[in-house]
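Engineer: UniProt numbering puts the first residue of the sequence shown at 1, with every later residue one more than the last.
Here a beta-carbon is modelled for each residue, glycine too, at the ideal position from N, C-alpha and C.
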Amino acid sequence: MTTTSSGDEPEHPTADREIVISRTISAPRELVFEAYTQVRHLSRWWGPEGFSTTTRSFEFRVGGIWDFVMHGPDGTDYQEWITWREIVPPERIALLHGESRDDPNAFESVLAFEPVGDETRIVMRTVFPTKELRDEAVEKYHAIEGGEQTLGNLAAYVAELTRNDTGRNETTPNGAES
């Protein structure tokens, strides 16, 4: 089940600048966290339907970065940059996401991985610098639908991992994948 917030929660000072998306995934929290934090998994599911990802560099640690390109189904390339700000395995990740290291329009996301019996509820709360940037992300880039599709891709990928139980202990040289 997917839940979104339209940003009309007046009790939150950032409500008009945020998007909240959640999904319950039929897998243990540790596996969902692993699929979200290891580069060998990310390229298999990251992004909305029809997108693929090429990683240029990846270092999953506080202060580390993920420099990558998302390839749209129409052939458009989107330069992306994530800086990891907080990592609490397997519970929480905070990050800054933009087009480049110094992107003034970068947005902050906090992901919570909550155990629900044998399943995991992932909650992604994204806060934009301004209401206008949030609205542009929703209207022009379909951020809510894209976020829902991305978490759907994660759920499908983790289901495949649990069925096959393969790929969990492989290593990738230098942490990069193309």
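How is the alpha helix (DSSP H) around Gly147 delimited, first residue to last?
Structural biologist: Note, Gly147: alpha helix (DSSP H), 143-164.
Engineer: Under the DSSP definition of a beta bridge, which residues are partnered with Gly98?
Structural biologist: Answer by DSSP bridge pairing, in chain order: Trp81.
Engineer: I need the DSSP call for Ala35, collapsed to helix, strand or coil.
Structural biologist: Of the three classes helix, strand and coil, the one that applies to Ala35 here is helix, per DSSP.
Engineer: Using a threshold of 8 Å, is the CB atom of Ser26 nearer than that to any non-hydrogen atom of the ligand PLP?
Structural biologist: The ligand PLP is absent from the structure shown, which contains no ligands of any kind.
Engineer: Tell me the DSSP secondary structure of Val138 in three-state form.
Structural biologist: Residue state, collapsed to three classes: helix.
Engineer: For the beta strand (DSSP E) containing His71, name the first residue and the last one.
Structural biologist: Unbroken beta strand (DSSP E) run through His71: 65-71.
Engineer: Between Val158 and the rest of its own chain, which residues show a CB-CB distance below 7 Å, the 5 nearest in sequence each way excluded?
Structural biologist: So the list reads Ile25, Ala27, Leu31, Val32, Ala35, once near-sequence residues are dropped.
Engineer: Assign Ala15 to one of three DSSP states: helix, strand, or coil.
Structural biologist: Helix, per DSSP.
Engineer: Taking buried to mean at least 16 other C-beta atoms within 10 Å of its own C-beta, is Ser22 buried or exposed?
Structural biologist: By the 10 Å Cβ count, Ser22 comes out buried.
Engineer: When the Cα atoms are used, what is the spatial distance from Gly72 to Val116?
Structural biologist: Taking the straight line joining both Cα atoms gives about 34 Å.
Engineer: If Ile144 and Ile19 are in contact, beta carbons under 8 Å, what's the gap, nearest whole angstrom?
Structural biologist: Between Ile19 and Ile144 the Cβ distance is about 6 Å, and since that is below 8 Å, they are a contact.
Engineer: Per DSSP, which one or two residues make a beta bridge with Glu119?
Structural biologist: Its beta-bridge partners are Val116.
Engineer: Below 8 Å on the Cβ atoms is my guess for Phe113 versus Arg40; work out the distance and round it to an integer in Å.
Structural biologist: At roughly 19 Å, the Cβ-Cβ gap does not stay under 8 Å, so Phe113 and Arg40 are not in contact.
Engineer: Over what stretch of residues does the beta strand (DSSP E) that includes Thr54 continue unbroken?
Structural biologist: 52-58 is the span of the beta strand (DSSP E), which, as asked, contains Thr54.
Engineer: Closest by CA to Ala15, which one among Pro89, Arg134, Gly146?
Structural biologist: Ranking the options by Cα distance to Ala15, first place goes to Arg134.
Engineer: What would DSSP say about Ser109, mapped onto helix, strand or coil?
Structural biologist: Of the three classes helix, strand and coil, the one that applies to Ser109 here is strand, per DSSP.
Engineer: Exposed or buried, what is Ala156 when buried is set at 16 or more other beta-carbons lying within 10 Å of its beta-carbon?
Structural biologist: It is exposed - the Cβ of Ala156 has fewer than 16 other Cβ atoms within 10 Å.
Engineer: Can you tell which of Ser109, Asp77, Ser43 has its C-alpha closest to the C-alpha of Lys83?
Structural biologist: Here residue 83 turns out to be Thr, not Lys, going by the sequence shown. When each option's Cα is compared against that of Thr83, the closest is Ser109.
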